[in-house]
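Student:
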Amino acid sequence: DAGITQSPRHKVTETGTPVTLRCHQTENHRYMYWYRQDPGHGLRLIHYSYGVKDTDKGEVSDGYSVSRSKTEDFLLTLESATSSQTSVYFCAIRTQEDEKLFFGSGTQLSVL
Amino acid sequence: SQKIEQNSEALNIQEGKTATLTCNYTNYSPAYLQWYRQDPGRGPVFLLLIRENEKEKRKERLKVTFDTTLKQSLFHITASQPADSATYLCALDSGGSQGNLIFGKGTKLSVKP
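Heads up: the protein sequence lines correspond to chains A and B, in order.
With the working numbering applied, the first sequence corresponds to residues 503 to 614, in that order.
With the working numbering applied, the second sequence corresponds to residues 49 to 161, in that order.
1) Where do the N-terminal and C-terminal ends of the beta strand (DSSP E) with residue 119 (chain B) fall, by residue?
2) Considering only residues of the same chain and omitting the five flanking positions on each side of residue 111 (chain B), which have a CB-CB separation below 6 Å?
3) Determine the direct distance from the alpha carbon of residue 114 (chain B) to that of residue 565 (chain A), and round the result to whole angstroms.
4) Whose Cβ in chain A lies nearer than 9 Å to the Cβ of residue 90 (chain B)?
5) Closest to residue 142 (chain B) by C-alpha separation, out of B:105, B:91, B:73 and B:104, would be which residue?
6) Do you know whose CA, among A:551, A:582, A:558 and A:561, lies nearest residue 574 (chain A)'s CA?
7) Listing by chain order, which chain B residues have their CB less than 9 Å from the CB of residue 543 (chain A)?
8) Run down chain A in chain order and give the residues with a C-beta less than 7 Å from the C-beta of residue 122 (chain B).
9) Flag this pair as yes or no: are the beta carbons of residue 70 (chain B) and residue 55 (chain B) separated by less than 8 Å?
10) Would residue 63 (chain B) and residue 160 (chain B) qualify as a contact pair, given that the criterion is a beta-carbon distance under 8 Å?
11) Strictly under 8 Å for the Cβ-Cβ distance: is residue 143 (chain B) near chain A by that measure?
12) Closest by CA to residue 524 (chain A), which one among A:545, A:576, A:562 and A:543?
13) Straight-line CA distance for residue 591 (chain A) to residue 507 (chain A)?
14) Taking Cβ to Cβ, would you say residue 90 (chain B) is nearer than 8 Å to residue 136 (chain B)?
15) Suppose the cutoff is 7 Å on Cβ atoms and the five residues either side in sequence are ignored; what does the same chain contact list for residue 597 (chain A) look like?
16) For residue 568 (chain A), I'd like the list of residues in its chain whose CB is within less than 6 Å of its CB, leaving aside the five on either flank, ordered along the chain.
17) Write down every uninterrupted run of the beta strand (DSSP E) in the region 510 to 572 of chain A whose length is 3 residues or greater and which is fully enclosed by it, in chain order.
18) Note the first and the last residue of the continuous beta strand (DSSP E) segment covering residue 158 (chain B).
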């Protein structure tokens, strides 16, 4: 799994509450990504990071923010969760030398 | 807009046969294309990468082709086994400077004994 840990693995929350998902890597890779996966849509990029404090928006960034204060951690925050954000969230990393992604095991988020 | 299509949501084949999955794209000129395998409840796992100047790539029982004229990639699993049952995703680079990938929706392959 290329040393990627996502936490929590499962979370149930209520509409309007803030939620933070954590992605931790142990191999100091430069690039980190957050994707969401939904039936009928496949994997869609939310935000990505290309270094400490360097982040940018992906295809479906509305309602999400990210932070990367150190190389190993990439946090995804839902400031005020909505039911449309119920999804499986995957973190991924990419080495600078390679184009392939290594994914974490995912976080199943349910917003009620 | 950029679009990726995997031709079928599900593919059922008999053990021992060759599975062929298709990935088509429009409004792209990707430098490379990748295939991933995803099992239920798990994250995708990288299988193969093929570049725009490569026609074919092989890895054990897997073979990928890339036709930039047709804007299509074919993914073959020869001598398929029930353990090959999974969802297979194709992904292309979006063309941006950061090398972000855009994924197809996947094809769920079921190999029956």
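Just so it is clear, CB atoms sit at the ideal spot from N, CA and C, and this is done for glycine as well.
Tutor: The structure says:
1) Looking up residue 119 (chain B) in the second sequence gives position 71. Unbroken run through residue 119 (chain B): none, as it is neither H nor E.
2) Numbered from its first residue, the second sequence carries residue 111 (chain B) at position 63. Residues of the same chain with a CB within less than 6 Å of the CB of residue 111 (chain B), apart from the 5 flanking positions on each side, are 124 in chain order.
3) For this step, residue 565 (chain A) is matched to residue 63 along the first sequence. For this step, residue 114 (chain B) is matched to residue 66 along the second sequence. Taking the straight line joining both Cα atoms gives about 37 Å.
4) The residue labelled residue 90 (chain B) in the question sits at position 42 within the second sequence. Simply 605, 607 and 608.
5) Here residue 142 (chain B) corresponds to residue number 94 of the second sequence, with the count starting at 1. Of the candidates B:105, B:91, B:73 and B:104, the one whose C-alpha sits nearest the C-alpha of residue 142 (chain B) is B:73.
6) One-based indexing of the first sequence puts residue 574 (chain A) at position 72. Among A:551, A:582, A:558 and A:561, the Cα nearest to that of residue 574 (chain A) is on A:551.
7) Translated into the one-based positions of the first sequence, residue 543 (chain A) becomes position 41. Those are 153, listed as they occur along chain B.
8) To locate residue 122 (chain B), count along the second sequence from 1; it is residue 74. Per Cβ cutoff of 7 Å: no residues; residue 122 (chain B) is ~19 Å from chain A at best.
9) On the second sequence, position 22 is the one that residue 70 (chain B) refers to. On the second sequence, position 7 is the one that residue 55 (chain B) refers to. Yes, these two residues count as a Cβ contact at 8 Å.
10) Position 15 of the second sequence, counting from 1, holds the residue named residue 63 (chain B). Position 112 of the second sequence, counting from 1, holds the residue named residue 160 (chain B). Contact annotation: residue 63 (chain B) and residue 160 (chain B) have beta-carbon atoms nearer than 8 Å.
11) Working through the second sequence from its first residue, we reach residue 143 (chain B) at position 95. No, its Cβ sits nowhere closer than 8 Å to a Cβ of chain A.
12) Stepping through the first sequence from its first residue, residue 524 (chain A) is reached at position 22. Residue 524 (chain A) has its Cα closest to that of A:576, out of A:545, A:576, A:562 and A:543.
13) On the first sequence, position 89 is the one that residue 591 (chain A) refers to. On the first sequence, position 5 is the one that residue 507 (chain A) refers to. About 12 Å.
14) In the second sequence, residue 90 (chain B) corresponds to position 42, counting from 1. In the second sequence, residue 136 (chain B) corresponds to position 88, counting from 1. Taking a C-beta distance under 8 Å as the contact criterion, residue 90 (chain B) and residue 136 (chain B) do not qualify as a contact pair.
15) Within the first sequence, numbered from 1, the residue matching residue 597 (chain A) stands at position 95. So the qualifying residues of the chain are 531.
16) By 1-based counting over the first sequence, the position of residue 568 (chain A) is 66. Only 549, 557 and 578 meet the Cβ criterion.
17) Within the region 510 to 572 of chain A, complete beta strand (DSSP E) segments of at least 3 residues are found at 512 to 515, 521 to 527, 533 to 540, 544 to 553, 556 to 559 and 566 to 572, given in chain order.
18) In the second sequence, counting from the first residue as 1, residue 158 (chain B) sits at position 110. Taken as a continuous stretch (DSSP letters only), the beta strand (DSSP E) holding residue 158 (chain B) covers 155 to 160.
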